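Going by my numbering, the first residue of the sequence shown is number 0, and it counts up by one from there. Where a beta carbon is used, it is the ideal one built from N, C-alpha and C, also for glycine. Only a predicted model underlies this, so the values are computations on that prediction, with no experimental measurement involved. Worksheet for the structure shown next.
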Amino acid sequence: MFHKILKPEYLKYYEGVTTCTTHKLEDTPHCATFIEFARNDLSTSQNLHAIYNAVSNAKRALHRRVDILCSLAGYETYIAKRNNFPSKLDFLEKCGFFTPQIIRRLNYIRNKLEHDYEAPNYTEAENYVDIIELFLVATSVFIKNYPTIYEFFIVESVDNTELYKTLPRWISIEVELEKGNLDMRFPGQDEHLIKSIKDTDYFDWLKPIMHGYFWY
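What follows is the structure, given as structure tokens:
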């Protein structure tokens, strides 16, 4: 019954808790090491050489973290038509790791340096390193506490009373992100709602789930 009623947009009416496991941490050199290199570059000099080195080291940190996140989130199962860095960012945005605004900010100086052949100034380089460092901090929780099960509980303040009556009080979601599988179960019911990364609405479900993981 519930699998016919429940929609991704209804997850906003739920609050949840997450069961996590510790994932194998990244191999050396760590992303933070490249950020440290970038900071050292900028502290050494404000000339163009230092700026280029700083941006390049920050970019290495970004690319390494994006590859790690993509691997953990099932990118190899998904594989878009274009297997490149922009498509990986699009994939992570679909998953709910960050907003399009952050993607645009991450891409701005990178494109300026690599495609437009324009040299960023010192302040832009500093901002670029800052943004990537914040991105590393925000996403490190996902690597250290890899989500496996989400338990969602409905909030009594649902505006639509009739809708509230029809929704399950509790939803348990077993998550296999690397395989691209979501298995949703409901209290007192044998039914399952299963979504695969190949399903057209997979990301519609995953995005609010990941939002709950990062913000609860």
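By the DSSP assignment, the beta strand (DSSP E) with residue i in it spans what residues?
i	result
Glu150	Tyr145 to Ile153
Asp198	Premise fails: Asp198 is in no beta strand (DSSP E) and is neither H nor E.
Leu181	Asn180 to Arg184
Glu177	Where Glu177 is concerned, there is no enclosing beta strand (DSSP E), given that its DSSP letter is neither H nor E.
Near residue i, what residues of its chain come up, given a Cβ to Cβ distance below 7 Å and the 5 sequence neighbours on each side ignored?
i	result
Leu112	Val54 and Pro119
Met209	Cys94, Gly95 and Phe96
Asn106	none
Cys30	Ala60, Arg63, Arg64 and Leu135
Asp203	Pro7
Glu125	Leu41
Leaving aside the five residues before and after residue i along the sequence, list all residues of the same chain whose C-beta is less than 6 Å from its C-beta, in chain order.
i	result
Glu117	Lys111
Ala72	Cys94 and Leu176
Ala57	Ala37, Tyr127, Val128 and Ile131
Ile148	Thr18 and Glu173
What first and last residue would you give for the alpha helix (DSSP H) that runs through residue i?
i	result
Thr160	Thr160 to Thr165
Leu61	Leu47 to Ala72
Ser86	Phe84 to Cys94
Asn39	Cys30 to Thr43
Count the other CB atoms within 10 Å of the CB of residue i; is the residue buried (16 or more) or exposed (fewer)?
i	result
Gly187	exposed
Thr165	exposed
Glu75	exposed
Thr122	exposed
Lys11	exposed
Leu37	Sequence inspection shows Ala at residue 37; the Leu mentioned does not correspond to that position. By the 10 Å Cβ count, Ala37 comes out buried.
Ile4	exposed
Between which residues of its own chain and residue i is the CB-CB distance below 8 Å, once the five residues before and five after are set aside?
i	result
Pro200	The amino acid occupying residue 200 in the given sequence is Asp; Pro does not appear at that position. If we look at Asp200 and ignore the five residues flanking it on each side, its Cβ neighbours are Pro7 and Lys194.
Glu161	none
Arg168	Phe152, Ile153 and Pro186
State the beta-bridge partners of residue i as determined by DSSP.
i	result
Thr220	Since the first residue of the chain shown is 0 and the last is 215, residue 220 is not available in this structure.
Trp169	Phe152
Tyr13	Ile153
His191	Arg184
Determine, using beta-carbon pairs with one atom in the segment 4-15 and one in the segment 29-47, whether at least three such pairs fall under 8 Å.
no
Does the count of Cβ pairs from the segment 165-172 and the segment 59-67 closer than 8 Å reach three?
no
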